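Position 19 of the sequence shown, counted from 1, bears residue number 19 in full-length UniProt numbering, the numbering being contiguous throughout.
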Amino acid sequence: MDENSFIMLVQGTLGYLDPESFISHLLTDKSDVYSFGVVLLELLTRKRALYADNSSNEKKSLTHNFLLMFHQRKHRTMLDSEIADDAVATVVVEKLAVLAVHCLSTKGDDRLTMKEVAERLQVLWRHQIHAASNGENGCGFDSNFGASPSSVVLPLDEMTDGSLEMRKLVLAV
């Protein structure tokens, strides 16, 4: 299939489908980014893409509820309690939550590419390895990647530059 192929029948598991592709019947490289964001949320919350809340058996959309809570700055209540209670893990989880929100934009053009997602995960991993090797707690930079939930714009120095040394220089200035 080429980059923007028309599909007659949308196939996939409800909850993972890119809303734009579902409506337009067009698959793009950003469709998989959306699904990856859903999987990332499942890992962070220990909930399925469509889950039943404790208070009822009604199915709820993990992405819809998480995004609502994120923009109200209440998303931490949805995170897995076993990792949300650990200060170091909370920093990493918060950064992953911001990354997931970028993947889950309803408009494909506003989503990251998978290459950008991989680069951001690599920066986070390198930062955590560096912090662990220096005996730090891993909290060396803003837990939101410098972004507020209402304005999710990630700083260039922390997110796109894969060079740990360059980030040290930028942060030192």
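Backbone N, C-alpha and C define an ideal beta-carbon position, used for all residues, glycine too. Computed from a predicted model, the values in this text were never measured in an experiment.
Quick check: what's the CA-CA separation for residue i versus residue j?
i	j	result
residue 177	Gln122	Absent from the structure is residue 177, since the part of the chain shown begins at 1 and ends at 173.
Val88	Glu82	12 Å
Leu67	Asn134	35 Å
Gly15	Asp53	15 Å
Leu50	Lys74	19 Å
Leu17	His64	13 Å
Val91	His25	38 Å
Lys30	Ser56	33 Å
Trp125	Val38	20 Å
Lys95	Leu104	15 Å
Leu43	Ala118	16 Å
His130	Asp86	19 Å
His71	Asp80	18 Å
Leu27	His127	34 Å
Val98	Lys115	16 Å
Leu62	Met78	9 Å
Determine the burial state of residue i: buried for a count of at least 16 other Cβ atoms within 10 Å of its Cβ, exposed for fewer.
i	result
Thr13	exposed
Val101	buried
Gly108	buried
Lys59	exposed
Arg111	buried
Ala132	exposed
Lys47	buried
Phe36	buried
Arg120	buried
Ser21	buried
To which residues does DSSP link residue i through a beta bridge?
i	result
Tyr51	Lys60
Leu121	According to DSSP, Leu121 bridges with nothing at all.
Leu17	BP columns for Leu17 are empty, so no partner.
Could you tell me whether any non-hydrogen atom of the ligand GDP is closer than 7 Å to the CB of residue i?
i	result
Ala52	The ligand GDP is absent from the structure shown, which contains no ligand whatsoever.
By the three-class DSSP mapping on this structure, what secondary structure does residue i have?
i	result
Leu79	coil
Leu26	strand
Ser105	coil
Thr45	helix
Asn65	helix
Leu112	coil
Asp32	helix
Arg73	coil
Gly37	helix
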